[in-house]
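Peer 1:
Residue numbers (UniProt numbering): 1 to 450.
1) Can the beta-carbon of residue 269 be found less than 8 Å from the beta-carbon of residue 276?
2) Put residue 169 into one of helix, strand or coil per three-state DSSP.
3) Do residue 338 and residue 376 come within 8 Å of each other at the CB atom, strictly closer than that value?
4) Assuming residue 70 contacts residue 104 under a Cβ cut-off of 8 Å, what Cβ separation, rounded to an integer in Å, is found between them?
5) Got a sec, what are the start and stop residues for the alpha helix (DSSP H) residue 115 sits in?
6) Use the C-beta contact count for residue 133: other C-beta atoms within 10 angstroms, 16 or more gives buried, fewer gives exposed.
7) Can you give me the C-alpha to C-alpha distance between residue 383 and residue 422, rounded to a whole angstrom?
8) By how many angstroms is the C-alpha of residue 118 removed from the C-alpha of residue 61?
9) Quick check on the DSSP output: the beta strand (DSSP E) that includes residue 281 runs from which residue to which?
10) Near residue 369, which residues of its chain fall below 6 Å by C-beta distance, leaving aside the five closest residues on each side in sequence?
11) Could you tell me whether the stretch 208-218 touches the stretch 327-346, using the rule of 3 or more Cβ pairs below 8 Å?
12) Just to confirm, are residue 330 and residue 290 a CB contact at a threshold of 8 Å?
13) Using only the alpha-carbon positions, how far apart do residue 169 and residue 176 sit?
14) Label residue 26 either buried or exposed according to how many other C-beta atoms from any shown protein chain fall within 10 Å of its C-beta, with 16 as the threshold for buried.
15) Please name the residue in 359, 311, 318, 86 whose C-alpha comes closest to that of residue 332.
16) Using three-state DSSP, classify residue 416 as helix, strand or coil.
17) Quick check on the DSSP output: the alpha helix (DSSP H) that includes residue 469 runs from which residue to which?
18) Report yes if the C-beta distance between residue 96 and residue 53 is below 8 Å; otherwise report no.
19) Is it the case that the Cβ atoms of residue 158 and residue 188 are separated by a distance below 8 Å?
20) Using the Cα positions of residue 198 and residue 160, report the straight-line distance between them to the nearest angstrom.
21) Quick one: what does DSSP say residue 225 is sitting in, helix, strand or coil?
22) Can you give me the C-alpha to C-alpha distance between residue 101 and residue 72, rounded to a whole angstrom?
23) Taking all protein chains shown into account, do 16 or more other C-beta atoms lie within 10 angstroms of the C-beta of residue 113, making it buried, or fewer, making it exposed?
24) Would you list the one or two residues that DSSP bridges to residue 58?
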């Protein structure tokens, strides 16, 4: 397919504008090549739209001296690349060339350096560079600007190689092995990305440009009050589901080991992707009592004694508020959890899974690394309580949730957590996926500490 035909088949109708200045030559061979090819050089350059995307194009014309690159062709390419950079345009190069123009020798050969440097500068400016290797693409073109694409695809069955097979055979006295310098083989070997028919180039280029050239905008952050409502959903997975779905194996531990049931806390030995850990996790199904915090301290002690990583799961509507809790040293147990956890030398990660209310949540927070689910939150009081303190009623709870920076993304921005794990859908709608994502985040953060 000639350059003109490839352009016409792939750009939006009426959008092509050539950038090429006419080249005049009195050299008989050059004039003959111009007449034969119907163009004045081995490349044509210009600007067009592909599926609405403004792009710059450099397209080889193999009919002009085998698409070889001489000094005039190289100069045209360099000018086009630099113009694309200046105009902030993605650049698409569609090669079909035997390489350096042998009629011009070394002066033409070294222009591959100039072209490559221009392409590198274009990419350094944060602009996409896509390459379409057509049949044939060999020699210096393949070994320079033909191999610098962010994405590189090729024509089906195209001959693509460093040295053309006829030259190889002439130099070495035997043929180059069949099936090596072929587009399909280079895809299979990971040299190029895909094989694309000429009339499908526009679709592939448009997809690549949509992914590479579009604005990078962060996903919308959830409203903190919305996150609070989602975290309170009765079907939201908690530590029990995490231990059922997100681990390889689990051995539950019961209570404090000193005659207390450990209300509101689950302790277990568990394996996350083959990594044995100790897990202490707040059970969202009920309030957290002093004995639950003592059970957590038991888990911390086991982790430290055996050198096992510790996973602390924060998910509580708050510590138990009762005379019995006060008399059983609730505040003191929160303080001792903070002290014990802060002194551990083993790898540790605190996971904000959902609700993180008050001192009970704080007790399991000071691990080395903290991770939050996207709809998790952390606050000294529930927003309704903060509203009562400041305004005398609960009517401004949503406002307090936003003002107090309690949401996961705000915690990340403020350095309270180091990672937010996305919830593409609320956790209660996809508990398995949620638990697996949280498990993967736990493993990643623990591995980084080993």
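For glycine and all other residues, C-beta sits at the position ideal for the given N, C-alpha and C. Please read these numbers as outputs of a predicted model, since none were measured by experiment.
Peer 2: Working from what's here:
1) Numbered from its first residue, the chain shown carries residue 269 at position 269. Numbered from its first residue, the chain shown carries residue 276 at position 276. Against a cut-off of 8 Å, the Cβ pair of residue 276 and residue 269 comes out as a contact.
2) Looking up residue 169 in the chain shown gives position 169. Residue state, collapsed to three classes: helix.
3) Numbered from 1 along the chain shown, position 376 holds the residue referred to as residue 376. Numbered from 1 along the chain shown, position 338 holds the residue referred to as residue 338. The Cβ atoms of residue 376 and residue 338 lie no closer than 8 Å to each other.
4) As a position in the chain shown, residue 70 is number 70, starting the count at 1. As a position in the chain shown, residue 104 is number 104, starting the count at 1. Confirmed, about 5 Å.
5) Your numbering for residue 115 matches position 115 in the chain shown. In this chain, the alpha helix (DSSP H) harbouring residue 115 covers 111-124.
6) Position 133 of the chain shown, counted from the start, is the residue given in the question as residue 133. Classification for residue 133: buried.
7) Taking the chain shown and counting its residues from 1, one reaches residue 383 at position 383. Taking the chain shown and counting its residues from 1, one reaches residue 422 at position 422. Rounded to the nearest angstrom, the two C-alpha atoms are 23 Å apart.
8) Along the chain shown, read from residue 1 onward, the residue named residue 61 stands at position 61. Along the chain shown, read from residue 1 onward, the residue named residue 118 stands at position 118. When rounded, the distance between both Cα atoms is 21 Å.
9) Along the chain shown, one-based indexing puts residue 281 at 281. Looking at the DSSP string, the run of the beta strand (DSSP E) that includes residue 281 is 275-282.
10) Along the chain shown, read from residue 1 onward, the residue named residue 369 stands at position 369. Cβ within range, chain order: 349, 418, 445.
11) no
12) In the chain shown, counting from the first residue as 1, residue 330 sits at position 330. In the chain shown, counting from the first residue as 1, residue 290 sits at position 290. Result yes, Cβ atoms of residue 330 and residue 290 sit closer than 8 Å.
13) Residue 169 sits at position 169 when you count from the first residue of the chain shown. Residue 176 sits at position 176 when you count from the first residue of the chain shown. Cα to Cα, residue 169 sits roughly 7 Å from residue 176.
14) As a first step, residue 26 must be located in the chain shown, where it is residue number 26. Exposed.
15) Your numbering for residue 332 matches position 332 in the chain shown. Of the listed residues, the one whose Cα sits closest to residue 332 is 359.
16) Here residue 416 corresponds to residue number 416 of the chain shown, with the count starting at 1. Residue 416 falls in the coil class under three-state DSSP.
17) Nothing can be reported for residue 469: it is not among the residues displayed for the chain, which extend from 1 to 450.
18) Taking the chain shown and counting its residues from 1, the one referred to as residue 96 is at position 96. Taking the chain shown and counting its residues from 1, the one referred to as residue 53 is at position 53. Cβ distance not < 8 Å, so residue 96 and residue 53 don't count as in contact.
19) Here residue 158 refers to the residue found at position 158 of the chain shown. Here residue 188 refers to the residue found at position 188 of the chain shown. The beta carbons of residue 158 and residue 188 sit no closer together than 8 Å.
20) The residue you call residue 198 lines up with position 198 of the chain shown. The residue you call residue 160 lines up with position 160 of the chain shown. Straight-line Cα distance between these residues: approximately 16 Å.
21) The count along the chain shown starts at 1 and reaches residue 225 at position 225. Of the three classes helix, strand and coil, the one that applies to residue 225 here is helix, per DSSP.
22) Within the chain shown, the letter at position 101 stands for residue 101. Within the chain shown, the letter at position 72 stands for residue 72. Distance between residue 101 and residue 72, taken at the CA atoms: about 11 Å.
23) Taking the first residue of the chain shown as 1, we reach residue 113 at position 113. Residue 113 should be labelled exposed.
24) By 1-based counting over the chain shown, the position of residue 58 is 58. In DSSP, residue 58 forms a bridge with 45, 93.
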